[in-house]
Amino acid sequence: MKAKTKRAARKTSPGANLNAAGLHYDLRLYVAGQTPKSLAAFANLKELCELHLAGKYRIEVIDLVKKPQLARDDQVIAIPTLVRRLPQPIRKIIGDLCDTRRTLIGLDLSDQAGP
Amino acid sequence: MTQKKNIAKNRLLPKSPTGISGLDEITGGGLPKGRPTLVCGSAGCGKSMLGVEFLVRGALQFNEPGVLMTFEELPEDVVKNARSLGFDIDDLVAKKKLFLDYVRVERNEIQETGEYDLEGIFVRLNYAIEAVGAKRVVLDTIESLFTGLTNAAILRAELRRLFSWLKEKGVTAIITGEKGDGMLTRNGLEEYVSDCVIMLDHRVIDQVSTRRLRVVKYRGSTHGTNEYPFLINENGFSVLPISSLGLAHDVSSERISSGVPRLDLMLGGKGFYRGSSILVSGTAGTGKSSLGAYFVDAASRRGERCLYFAFEESPQQVIRNMRSIGLNLEPWTRKGLLRFQASRPTLYGLETHLAVMHKQVKDFKPQVVVIDPISNLVNTGSPNEVRSMLLRLVDFLKSRQITAFFTSLSSPDMKNLEQTDVGISSIMDTWLLLRDIELGGERNRGLYVLKSRGMAHSNQIREFVLSDHGIDIRDVYIGPEGVLTGSMRLAQEARERAQKIARDLDIESKQRQLTRKRAALEAQIAALKAEFEGEEAEIARVLSQENQLVQQVQIDEVAMARSRQADKVMDRRNGH
Numbered sequence: 681m682k683a684k685t686k687r688a689a690r691k692t693s694p695g696a697n698l699n700a701a702g703l704h705y706d707l708r709l710y711v712a713g714q715t716p717k718s719l720a721a722f723a724n725l726k727e728l729c730e731l732h733l734a735g736k737y738r739i740e741v742i743d744l745v746k747k748p749q750l751a752r753d754d755q756v757i758a759i760p761t762l763v764r765r766l767p768q769p770i771r772k773i774i775g776d777l778c779d780t781r782r783t784l785i786g787l788d789l790s791d792q793a794g795p
Numbered sequence: 043m044t045q046k047k048n049i050a051k052n053r054l055l056p057k058s059p060t061g062i063s064g065l066d067e068i069t070g071g072g073l074p075k076g077r078p079t080l081v082c083g084s085a086g087c088g089k090s091m092l093g094v095e096f097l098v099r100g101a102l103q104f105n106e107p108g109v110l111m112t113f114e115e116l117p118e119d120v121v122k123n124a125r126s127l128g129f130d131i132d133d134l135v136a137k138k139k140l141f142l143d144y145v146r147v148e149r150n151e152i153q154e155t156g157e158y159d160l161e162g163i164f165v166r167l168n169y170a171i172e173a174v175g176a177k178r179v180v181l182d183t184i185e186s187l188f189t190g191l192t193n194a195a196i197l198r199a200e201l202r203r204l205f206s207w208l209k210e211k212g213v214t215a216i217i218t219g220e221k222g223d224g225m226l227t228r229n230g231l232e233e234y235v236s237d238c239v240i241m242l243d244h245r246v247i248d249q250v251s252t253r254r255l256r257v258v259k260y261r262g263s264t265h266g267t268n269e270y271p272f273l274i275n276e277n278g279f280s281v282l283p284i285s286s287l288g289l290a291h292d293v294s295s296e297r298i299s300s301g302v303p304r305l306d307l308m309l310g311g312k313g314f315y316r317g318s319s320i321l322v323s324g325t326a327g328t329g330k331s332s333l334g335a336y337f338v339d340a341a342s343r344r345g346e347r348c349l350y351f352a353f354e355e356s357p358q359q360v361i362r363n364m365r366s367i368g369l370n371l372e373p374w375t376r377k378g379l380l381r382f383q384a385s386r387p388t389l390y391g392l393e394t395h396l397a398v399m400h401k402q403v404k405d406f407k408p409q410v411v412v413i414d415p416i417s418n419l420v421n422t423g424s425p426n427e428v429r430s431m432l433l434r435l436v437d438f439l440k441s442r443q444i445t446a447f448f449t450s451l452s453s454p455d456m457k458n459l460e461q462t463d464v465g466i467s468s469i470m471d472t473w474l475l476l477r478d479i480e481l482g483g484e485r486n487r488g489l490y491v492l493k494s495r496g497m498a499h500s501n502q503i504r505e506f507v508l509s510d511h512g513i514d515i516r517d518v519y520i521g522p523e524g525v526l527t528g529s530m531r532l533a534q535e536a537r538e539r540a541q542k543i544a545r546d547l548d549i550e551s552k553q554r555q556l557t558r559k560r561a562a563l564e565a566q567i568a569a570l571k572a573e574f575e576g577e578e579a580e581i582a583r584v585l586s587q588e589n590q591l592v593q594q595v596q597i598d599e600v601a602m603a604r605s606r607q608a609d610k611v612m613d614r615r616n617g618h
């Protein structure tokens, strides 16, 4: 888990990047240390991405304890915060992402939210 | 004696001076050091300005760097607004004395799902505090988080945590909050920030706005509890404590002339006290301004600096009008001893007037200030406000040993003549009343000293005459017909003069008569004496004739005897 929270923890499938529809998802998860909420958020996010965005997403975890200046640059106020940097526009989801439906709405994947 | 006490007190509750004039006086030294202070008020009341000035002054005057975290205002706007107060935020940021962080909370950009906390803000604040070594933090307005985020329970818990974290950090913080219904702030921030709460208010009465500040609470410290008017002008924030002076100013026993010798006589023979406040009230056209001008002239002659606030006339008009009573003020303005400051009372609110006066007085450093008239200021505020403003003005002038001369227009209603000024008279040391005396088809001016603290003053009404030679104060005629002034007085005086002349003539003639009588008497005496002398001479002559006759008889007898040869006779004659 520790390794996964590092920036290097990428889950990019080499074959399925950047198709014409811009469906590549560049996600950033801001955490502050390994709090239970952060761990839960990461786990929830990963599960969701694997389920709905398999092969076309990238998660970057940023620990603000280590890089506090990024909090200002990216306008982070709450922890954990998930930022969808791509595709545009930028979307922000705060919380531990336990509500998958809301998370999908937040990521603009609501068509996949329904059954 | 209190120094030791103060030190002990300060140790109990260290304070962080704001550097804002007046606010430190009200709070007894500043905001609670290392604790958060809540500044609340409605929109546009100056909360943000207070915060910005607190930071800027902290950085410039007290070497305490600061962090400004805004939630509503963009950093560019903060910089721009601060520049209008004369603060260069960019420069402070470049010098690492100030750190700006803008927190954008946009509800439609944020989706909430599940549990979260506001650690992001903590991280940012911590980063900012460490970047500049901040001792002061301003959060403006953290309440907008409530509009951006829906989970109020989390927010409240996090704010509570934030404020205790700020305390732990030991930074002196200002948290601003929008005024809410029935609460100090919309979201009840006062529950979390309980050390010091300052409320700002911006009221518009009769189209004139006044800003006010009140320290609602200050735990562990005494503080002024009143509402204090404050200003935001090109010098920043300034709070004007109403009664901060505590009547502790030095008093002078030096006396200065009023410019009218006879009036000086009425004031115990020496005039006003230096540094006292003088009120001249009266109905329209009774010569209030003229008295003021004489006072200014006398002061200028002594080489003192005078500041004349004219609220009714332009400086040129004052000078022209005073020339008509033989007073030329122009040389004094040319010499720089006399400065006019003319403005319409309705130009600003009362507090701005007060601030302008403060500024002028501080700049010009006069010994004498004339305010002509104060009654016009009443138009710009309620009597209470005018009173409090004048009280502060008088206090301010007294603390600088400046003699203040106020004129006040009273209502023409005779009964109310003294009442109209009752509100302000208690703060005046000397009160001269000019009144019309209407008698015999003409109006004349009467002057009397209603009160004059600390001197034996005349209790008599004098007639106050304005002519092209200037001010003349004369005794009024007081007699069986009452108090007479003007031509009635002159007529009465003429009558008296005529009577006196008649009496004089009478006496003279009686004296002449007496002289005549004496002369006649003396003549009579002389005549009688002459008559007596004549008679005396006649009697003497008769007597001597008689004697001669007797002798002749004897001689004849002897001769007869001799001729008869009578021896006896011979013997008798020759014998012994």
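As they're listed, the protein sequences go chains A and B. Note that the working numbering has the first sequence beginning at 681, numbered continuously upward. Note that the working numbering has the second sequence beginning at 43, numbered continuously upward. Heads up, the beta-carbon is just placed ideally off N, CA and C, and yes, glycines get one too.
Problem - Burial state of A/Leu787, where buried means 16 or more other Cβ atoms lie within 10 Å - result: The sequence position of residue 787 of chain A within the first sequence is 107, counting from 1. By the neighbour-count rule (16 or more Cβ atoms within 10 Å), A/Leu787 is buried.
Exercise for the section: Establish whether the CB of A/Ile774 and some CB of chain B are separated by less than 8 Å. Expected result: Working through the first sequence from its first residue, we reach residue 774 of chain A at position 94. By this cut-off, A/Ile774 is an interface position.
Exercise for the section: Can you tell me which of the three DSSP states B/Tyr350 falls into? Expected result: Here the question's residue 350 of chain B lines up with position 308 in the second sequence. Three-state DSSP puts B/Tyr350 in a strand.
Exercise for the section: Put B/Phe104 into one of helix, strand or coil per three-state DSSP. Expected result: What you label residue 104 of chain B is simply residue 62 of the second sequence in a count that begins at 1. Looking at B/Phe104 - three-state DSSP - the assignment turns out to be coil, as it is neither helix nor strand.
Handout entry: Straight-line Cα distance separating B/Arg253 from A/Ala721
Key = Position 41 of the first sequence, counting from 1, holds the residue named residue 721 of chain A. Position 211 of the second sequence, counting from 1, holds the residue named residue 253 of chain B. Spanning the two alpha carbons is a distance of roughly 49 Å.
Practice task
Give the DSSP-derived three-state secondary structure of B/Ala176 in the structure shown.
Solution key: What you label residue 176 of chain B is simply residue 134 of the second sequence in a count that begins at 1. It is coil, neither helix nor strand.
Handout entry: Straight-line gap, B/Ile515 to B/Ser331 (C-alpha atoms, nearest Å)
Key = The count along the second sequence starts at 1 and reaches residue 515 of chain B at position 473. The count along the second sequence starts at 1 and reaches residue 331 of chain B at position 289. Rounded to the nearest angstrom, the two C-alpha atoms are 16 Å apart.
Problem - B/Val179 vs B/Leu160 beta-carbon contact at 8 Å - result: As a position in the second sequence, residue 179 of chain B is number 137, starting the count at 1. As a position in the second sequence, residue 160 of chain B is number 118, starting the count at 1. No; because the gap between Cβ atoms is not below 8 Å, this pair is not in contact.
Handout entry: Where B/Gly128 falls, given that 16 or more other Cβ within 10 Å makes a residue buried
Key = Taking the first residue of the second sequence as position 1, residue 128 of chain B is located at position 86. B/Gly128 should be labelled exposed.
Exercise for the section: Say whether the region 496–513 of chain B touches the region 299–312 of chain B, bearing in mind that this needs 3 or more beta-carbon pairs closer than 8 Å, one atom from each stretch. Expected result: yes
Exercise for the section: Evaluate B/Gly576 with the Cβ neighbour count: other Cβ atoms within 10 Å of its Cβ, from every protein chain shown; 16 or more gives buried, anything less gives exposed. Expected result: Translated into positions along the second sequence, residue 576 of chain B becomes position 534. B/Gly576 should be labelled exposed.
Exercise for the section: Could you say if the region 528–539 of chain B and the region 350–367 of chain B meet the contact criterion of at least three C-beta pairs nearer than 8 Å? Expected result: no
Handout entry: Other residues of its chain near B/Ser295: CB distance less than 6 Å, five sequence neighbours each side excluded
Key = For the purposes of this step, residue 295 of chain B is identified with residue 253 of the second sequence, where counting begins at 1. So no residue of the chain qualifies.
Practice task
Evaluate B/Gln596 with the Cβ neighbour count: other Cβ atoms within 10 Å of its Cβ, from every protein chain shown; 16 or more gives buried, anything less gives exposed.
Solution key: Mapped onto the second sequence, residue 596 of chain B falls at position 554. Within a 10 Å sphere around the beta-carbon of B/Gln596 sit fewer than 16 other beta-carbons, which makes this residue exposed.
Problem - Under 8 Å between C-beta atoms of B/Ala256 and B/Ser236 - result: Position 214 of the second sequence, counted from the first residue, corresponds to residue 256 of chain B. Position 194 of the second sequence, counted from the first residue, corresponds to residue 236 of chain B. The amino acid occupying residue 256 of chain B in the given sequence is Arg; Ala does not appear at that position. No. Outside cutoff.
Handout entry: Status (buried if at least 16 other CB within 10 Å, exposed otherwise) for B/His511
Key = Along the second sequence, read from residue 1 onward, the residue named residue 511 of chain B stands at position 469. So B/His511 counts as exposed.
Practice task
Have a look at B/Phe272, B/Arg198, B/Asp478 and flag the residue whose alpha-carbon is nearest the alpha-carbon of B/Gly324.
Solution key: One-based indexing of the second sequence puts residue 324 of chain B at position 282. When each option's Cα is compared against that of B/Gly324, the closest is B/Asp478.
Handout entry: Within-8 Å CB hit, B/Asp159 to chain A
Key = Within the second sequence, residue 159 of chain B is the residue found at index 117, counting from 1. At least one chain A Cβ lies under 8 Å of B/Asp159.
Practice task
Using alpha carbons as the reference points, say which of B/Ile469, B/Gly190, B/Gly88, B/Gly345 lies closest to B/Gln409.
Solution key: Indexing the second sequence from 1 puts residue 409 of chain B at position 367. Among B/Ile469, B/Gly190, B/Gly88, B/Gly345, the Cα nearest to that of B/Gln409 belongs to B/Gly345.
Handout entry: Against chain A: residues of the region 223–251 of chain B by CB proximity under 8 Å
Key = Correct list: empty, as no residue qualifies.
Practice task
Would you give the residue range spanned by the alpha helix (DSSP H) that A/Cys729 belongs to?
Solution key: The sequence position of residue 729 of chain A within the first sequence is 49, counting from 1. 716–732 is the extent of the alpha helix (DSSP H) around A/Cys729.
Problem - Alpha-carbon spacing of B/Ile131 relative to B/Leu333, whole angstroms - result: For the purposes of this step, residue 131 of chain B is identified with residue 89 of the second sequence, where counting begins at 1. For the purposes of this step, residue 333 of chain B is identified with residue 291 of the second sequence, where counting begins at 1. One C-alpha to the other measures close to 50 Å.
Exercise for the section: Say whether chain A places a C-beta atom closer than 8 Å to the C-beta of B/Gly162. Expected result: Counting from 1 along the second sequence, the entry for residue 162 of chain B is found at position 120. Chain A, which has a Cβ nearer than 8 Å to the Cβ of B/Gly162, makes this yes.
Exercise for the section: Consider the Cβ of A/Leu789: report whether some Cβ of chain B lies at a distance smaller than 8 Å. Expected result: In the first sequence, residue 789 of chain A corresponds to position 109, counting from 1. No, its Cβ sits nowhere closer than 8 Å to a Cβ of chain B.
Practice task
Mind listing, in chain order, the continuous alpha helix (DSSP H) runs of no fewer than 4 residues lying wholly within the region 254–324 of chain B?
Solution key: 303–308
Handout entry: Contacting residues, own chain, Cβ-Cβ under 8 Å from B/Leu226 (five flanking each side not counted)
Key = Translated into positions along the second sequence, residue 226 of chain B becomes position 184. The residues are Leu80, Cys82, Gly219, Glu232, Val239, Met241, Val258.
Problem - Inside the region 83–128 of chain B only - alpha helix (DSSP H) runs reaching at least 4 residues - result: 89–103, 117–125
Problem - B/His400 to B/Phe351 span [Cα, whole Å] - result: Within the second sequence, residue 400 of chain B is the residue found at index 358, counting from 1. Within the second sequence, residue 351 of chain B is the residue found at index 309, counting from 1. Whole-angstrom Cα-Cα distance: 12 Å.
Practice task
With DSSP as the reference, label B/Pro78 as helix, strand or coil.
Solution key: For the purposes of this step, residue 78 of chain B is identified with residue 36 of the second sequence, where counting begins at 1. Three-state result, B/Pro78: strand.
Practice task
Quick one: give me the first and last residue of the alpha helix (DSSP H) that B/Met602 is part of.
Solution key: Numbered from 1 along the second sequence, position 560 holds the residue referred to as residue 602 of chain B. 528–606 is the extent of the alpha helix (DSSP H) around B/Met602.
Problem - Beta carbon proximity, A/Leu777 to chain B, threshold 8 Å - result: As a first step, residue 777 of chain A must be located in the first sequence, where it is residue number 97. When Cβ-Cβ separations below 8 Å define contact, A/Leu777 makes contact with chain B.
Handout entry: Own chain, CB closer than 7 Å to B/Leu208, minus 5 neighbours either side, in chain order
Key = As a position in the second sequence, residue 208 of chain B is number 166, starting the count at 1. Answer for B/Leu208: Pro78, Val179, Ala215, listed in chain order.
Practice task
Rounded to whole angstroms, what's the CA-CA distance from B/Leu369 to B/Gly528? Just pull it up for me.
Solution key: As a working mapping, residue 369 of chain B is identified with position 327 in the second sequence. As a working mapping, residue 528 of chain B is identified with position 486 in the second sequence. Using only the alpha carbons, I get a separation of about 23 Å.
Practice task
With DSSP as the reference, label B/Asn497 as helix, strand or coil.
Solution key: Residue 497 of chain B sits at position 455 when you count from the first residue of the second sequence. Looking at the sequence itself, residue 497 of chain B is Met, so the reference to Asn does not match. DSSP places B/Met497 in coil when its eight states are reduced to three.
Handout entry: Cross-chain neighbours of B/Glu154 in chain A, by beta carbon under 8 Å
Key = As a position in the second sequence, residue 154 of chain B is number 112, starting the count at 1. Here the neighbours are Ile773, Ile774, Gly775, Arg782.
Handout entry: Range covered by the alpha helix (DSSP H) that runs through B/Gly190
Key = Here residue 190 of chain B corresponds to residue number 148 of the second sequence, with the count starting at 1. Run containing B/Gly190: 186–190, per the alpha helix (DSSP H) assignment.
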